[in-house]
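Quick note: to get the working numbering, add 290 to the position in the sequence shown (first position is 1).
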Amino acid sequence: MLNLVLFGAPGSGKGTQSAKIIDQYGLYHISTGEVLRDHIARGTELGKIADTYISKGQLIPDDLMIRILEDVLDNEASDKKGVVFDGFPRTIPQAVALNEMLTKRGSDLHAVIGLEVPEEELIERMLNRGKETGRADDNPETIKNRLEVYHNQTQPLQDFYKNEGKYIPINGSGLVDEIFDEISAGVEKATGILRRSRK
Ligand code: AP5
Ligand code: MG
């Protein structure tokens, strides 16, 4: 098993780099943002609740988010070689819950990849994506809230994972492939596991 967390501010490239990681390491991708947006698109009860938070740039409450994640883990990822967690955890209680969930399943979290990108670049990326794709929370006001929530509630997780010796800082600015090379080198150093193309 190889379980990785892709950590970083909104727009830092978690989704972009997750796609490359799952391809090269044969892992399963769980993006909590995508899970929630899928519920919103299908108009489920959960989607209606999630929309009230996402549209304001706020986090879904921990107890609900943890239940959703555990459900996806058991129903979709139990037979996989490992998981890339993209956008989860975002709070200390979520990080504690993830450790417990993995331990209960006889597994472990191996590394946390922290994509570090200057704030002006994050804003520019999200505004561009908003124009190109129409993603509803990529508007100036919600972006401002998402960044504030990130600084107040999510960034403290960097120290949590540094204390566990699992945090791998990565410069998330530059070319997508070069960032991925840096991630692979970090994962390899931390776990000894090689990506497919290097085997
Ligand atoms: P979520 O969907 O996770 O959004 P986010 O964290 O705001 O991050 P994004 O998806 O916007 O960015 P990303 O880091 O994936 O970057 P991407 O690769 O797309 O969460 C949305 C909402 O759901 C939250 O606000 C919250 O309400 C709720 N939620 C989700 N998880 C939750 C949780 N655990 N607890 C509670 N609530 C939760 O890249 C961004 C853009 O930049 C793209 O256009 C991309 O093409 C471009 N780009 C990527 N890399 C580069 C590069 N190197 N150079 C130039 N452009 C690049
Ligand atoms: Mg994303």
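Built from N, CA and C at the ideal position, the CB exists for glycine as well.
- Short note on G323: C-beta closer than 6 Å to some heavy atom of the ligand MG.
- Look at A401 here: in three-state DSSP terms it is strand.
- In this structure the segment 401 to 408 lies against the segment 450 to 460, because at least three pairs of beta carbons, one per stretch, are closer than 8 Å.
- Only residues of its own chain outside the window of five on either side were considered, and among them F375 and V402 have a CB closer than 6 Å to the CB of V295, listed in chain order.
- In this structure, G377 keeps its C-beta atom at 7 Å or more from the C-beta atom of S302.
- If you check the CB distance, F450 and A387 do not come in under 7 Å.
- Burial is judged here by how many other beta carbons sit within 10 angstroms of a residue's own beta carbon; M291 has fewer than 16 and is exposed.
- Shown here, N461 sits in a strand according to DSSP, grouped into three states.
- For K310, the shortest C-beta to heavy atom distance toward the ligand MG is 6 Å or greater.
- In this structure I356 does not touch A340 by the C-beta definition: roughly 14 Å separates them, more than the 8 Å allowed.
- Around Q348, the same chain offers N435 and V439 as residues with beta carbons nearer than 8 Å, after the five sequence neighbours per side are excluded.
- If you ignore the 5 residues before and after E366, its C-beta comes within less than 8 Å of the C-beta of Y318 and I320, all in its own chain and listed in chain order.
- Here K310 has F470 as same chain residues with Cβ atoms under 7 Å from its own Cβ, once five neighbours each way along the sequence are excluded.
- The continuous alpha helix (DSSP H) containing H329 extends over residues T322 to R332.
- Annotation for G298: the continuous beta strand (DSSP E) segment containing it runs L294 to G298.
- Here F470 carries a helix assignment [DSSP, helix/strand/coil].
- The C-beta distance from D427 to R419 rounds to 10 Å, too long to meet the 8 Å contact threshold.
- The residues L292, in chain order, have a CB closer than 6 Å to that of I483 in the same chain once the five nearest residues on each side in sequence are set aside.
- Distance from the C-beta of G298 to the nearest heavy atom of the ligand MG is not below 6 Å.
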